[in-house]
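Asks:
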Amino acid sequence: PMQLARYTAFLATKKLPTPHLAHKIAGKVVEPKYKNIEVNDYFLDTIRKGMYDVCNAPRGTAHRTMSHLPILVAGKTGTSQVVSIPQSEKRRMKESQMEYYSRSHALFTSYAPFNHPKFVVTVLVEHGGHGGSTSGPIAAEIYKWMFKKGYFKDEIKITPKK
Numbered sequence: 106p107m108q109l110a111r112y113t114a115f116l117a118t119k120k121l122p123t124p125h126l127a128h129k130i131a132g133k134v135v136e137p138k139y140k141n142i143e144v145n146d147y148f149l150d151t152i153r154k155g156m157y158d159v160c161n162a163p164r165g166t167a168h169r170t171m172s173h174l175p176i177l178v179a180g181k182t183g184t185s186q187v188v189s190i191p192q193s194e195k196r197r198m199k200e201s202q203m204e205y206y207s208r209s210h211a212l213f214t215s216y217a218p219f220n221h222p223k224f225v226v227t228v229l230v231e232h233g234g235h236g237g238s239t240s241g242p243i244a245a246e247i248y249k250w251m252f253k254k255g256y257f258k259d260e261i262k263i264t265p266k267k
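Residue numbering for the sequence shown follows the numbering used here, beginning at 106 and increasing consecutively.
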């Protein structure tokens, strides 16, 4: 999840952060460090638009859990298959009917606010099934809590131009 969060931050800001575990050490603020990577803005904008649509377009895989939030979120759902199951069998199986350790991992990574990215939320639920229906709602609750605590106090929900 840490690497996924790092690269989500890069997609949002075009700066790859170096992870750190503390805001302060011995009273001194740990200054964030970033690595600049050259990437064509066209490609980043295309990815960002796709991540926006995942959370905000009616057919997006995280639309149900993200579109009602008071801030604009961009994200990506994911399902990581744990065991190899032929496609013909998988169509007839429900994740809930599989043995626990055979169930897929549920992933969701996101950033907000879309227009001025400040935060990344990445959720992995081992053997949780599908990212949009399992990890997405957890991320939505985190964003709701952050909004309630004032992390987005200067942000308003503005839909970007198409």
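Glycine included, each C-beta is placed from N, C-alpha and C at the ideal position. All of these numbers come straight from a predicted model, not from anything done at the bench.
Any idea which residues DSSP pairs Tyr-216 with across the strands?
Replies: Partner(s): Ala-179, Val-225.
Asks: When the Cα atoms are used, what is the spatial distance from Thr-227 to Glu-143?
Replies: Going by the C-alpha atoms only, they are around 24 Å apart.
Asks: Taking 8 Å as the cut-off, decide whether the C-beta atoms of Glu-246 and His-221 are in contact.
Replies: No. Outside cutoff.
Asks: Spatial neighbours of Pro-242 within its chain, please: C-beta separation below 8 Å, excluding the five flanking residues on both sides.
Replies: Closer than 8 Å at the Cβ level, and outside the excluded window around Pro-242, lie Thr-170.
Asks: Starting from the N-terminal side, write out each stretch of the alpha helix (DSSP H) that is 4 residues or longer and does not extend beyond the segment 116-184.
Replies: DSSP runs (the alpha helix (DSSP H)) wholly in the segment 116-184: 146-161, 168-171.
Asks: In this structure, what does DSSP give as the bridge partners for Val-230?
Replies: Partner(s): Ala-211.
Asks: Do you know how far the Cα of His-128 is from the Cα of Lys-119?
Replies: Those two C-alpha atoms are separated by around 22 Å.
Asks: Quick check: Thr-166 and Leu-212, are their CB atoms within less than 8 Å of each other?
Replies: Contact flag unset, no.
Asks: Assuming Phe-252 and Pro-218 are in contact, meaning their beta carbons sit under 8 Å apart, how far apart are those beta carbons, in whole angstroms?
Replies: Not a contact, Cβ separation roughly 10 Å.
Asks: Whole-angstrom Cβ separation of Arg-111 and Leu-121, contact assumed at under 8 Å?
Replies: Indeed, because the Cβ distance is near 6 Å, the residues count as touching under 8 Å.
Asks: I need the straight-line Cα distance from Tyr-139 to Asp-150, nearest angstrom please.
Replies: Rounded to the nearest angstrom, the two C-alpha atoms are 20 Å apart.
Asks: If you measure between the beta carbons of Val-225 and Ser-240, is that distance less than 8 Å?
Replies: Cβ atoms of Val-225 and Ser-240: not closer than 8 Å.
Asks: Could you check the C-alpha separation between Ser-172 and Arg-153 for me, to the nearest Å?
Replies: Answer to the nearest angstrom: the Cα atoms are 16 Å apart.
Asks: If you draw a straight line from the alpha carbon of Leu-109 to that of Gly-236, how long is it in whole angstroms?
Replies: Distance between the alpha carbons of Leu-109 and Gly-236: 14 Å.
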